[in-house]
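Read the structure below first, then the notes.
In our numbering, the protein residues as written are 2 to 335.
Structure (structure tokens):
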């Protein structure tokens with residue numbers, strides 16, 4: 002059985018604290034415990050919680066109270082108004098969650114949304130969660146962002162860079178590296194024996210035999226052929242305007258997309274509420290809801306606003322499923 006999941010605080014002025022409280026209320030009897038690393042003040046007076054000293058204490062109290070590893074915010078929190086003064090607590094929550102996952106005390110890490118611009122203004126050197134997690138795990142450069150919903154999984158060759166930079170840095174080596182990491186994760190964490198990958202084209206109609214661009218012939222096809230020689234089941238390059246249709250999606254288990262929006266737009270169009278952000282290529286499991294801090298709808302401690310718990314609930318469920326599958330996969334590995 003996998004260990005309890007660590008849930009980070011996220012930006013305390015966003016919807017993370019409200020969603021944490023509400024998702025615990027829905028999942029408290031489901032037998033899949035998590036613990037929250039955050040400031041108990043943000044929960045409000047009507048939410049039963051229990052301060053714990055170690056993740057091993059979470060399961061015993063989960064049905065009656067939200068397990069909390071307390072971490073105080075240095076400044077008072079005003080919903081909808083983030084402060085760089087609380088960035089240190091946001092960052093420390095992530096550090097602690099990763100520490101417990103690396104040590105085996107937590108089965109996975111689920112991250113509540115952060116505000117990248119707020120952390121950057123405080124001197125935070127990383128573009129976002131994904132890159133910071135990779136640095137904490139000693140895996141910088143090996144991280145791969147995957148977005149997943151029941152209908153579709155997509156992995157990205159580039160993440161938080163401009164479209165121009167994503168195209169200029171596209172290479173066969175990067176496509177191959179992301180494909181290998183994705184195939185390995187689909188086997189170890191999702192239980193697929195022979196994952197099928199579909200590589201997206203870059204240009205309209207996947208280049209139309211060079212009429213609309215030659216990246217397909219110069220970069221993408223050589224990467225696909227090399228991966229096939231390694232024994233991976235890979236197809237493409239597929240025209241991006243058709244590969245996400247209902248008729249084509251059953252042909253593959255995950256799509257390898259060549260820039261941020263190429264992958265995120267179809268996932269969010271299919272299931273904005275239930276999409277999950279997954280970081281592959283790390284020694285730990287990490288998922289996250291597929292939405293931001295939503296400062297515009299954030300409410301105070303104990304209040305209930307308009308935010309939906311669907312994505313956070315899905316992220317927690319996927320983290321538990323992946324952790325359980327990894328335990329089984331590792332037990333079967335000689």
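For each residue, glycine too, the CB sits at the ideal point set by N, CA and C.
With residue 50 as the anchor, note down where its beta strand (DSSP E) starts and where it stops.
50-52
My guess is that residue 51 and residue 68 are in contact by the Cβ rule of under 8 Å, so how many angstroms apart are they, rounded?
6 Å
By the DSSP assignment, the beta strand (DSSP E) with residue 90 in it spans what residues?
Looking at the DSSP string, residue 90 is not in any beta strand (DSSP E); the run it does join, the alpha helix (DSSP H), is 88-104.
Quick test of your reading: residue 78 and residue 14, contact by CB under 8 Å. State the CB separation rounded to the nearest angstrom.
6 Å
Given residue 261 as reference, the closest of 244, 330, 165 and 325 once Cα atoms are compared:
165
Pair within 8 Å by beta-carbon distance, residue 9 and residue 107
no
Going by C-alpha to C-alpha distance, which of 195, 210 and 302 sits closest to residue 253?
195
Apart from the five residues just before and just after residue 62, which ones in its own chain have a Cβ nearer than 8 Å to its Cβ?
51, 53 and 68
Alpha carbon to alpha carbon, how far is residue 145 from residue 223? Give it in angstroms, no decimals.
21 Å
In whole angstroms, give me the CA-to-CA distance for residue 36 and residue 6.
6 Å
I'd like the list of long-range same chain contacts for residue 128, defined as Cβ closer than 6 Å, with 5 residues on each side in sequence excluded.
161
Which runs of the alpha helix (DSSP H) at least 4 residues long sit entirely within the segment 225-272? Give them in chain order.
261-272
Per DSSP, which one or two residues make a beta bridge with residue 150?
153
Beta-carbon separation of residue 110 and residue 285 under 8 Å?
yes
Per DSSP, which residues does residue 307 bridge with? Please list them.
According to DSSP, residue 307 bridges with nothing at all.
Extent of the continuous beta strand (DSSP E) run through residue 200
197-201
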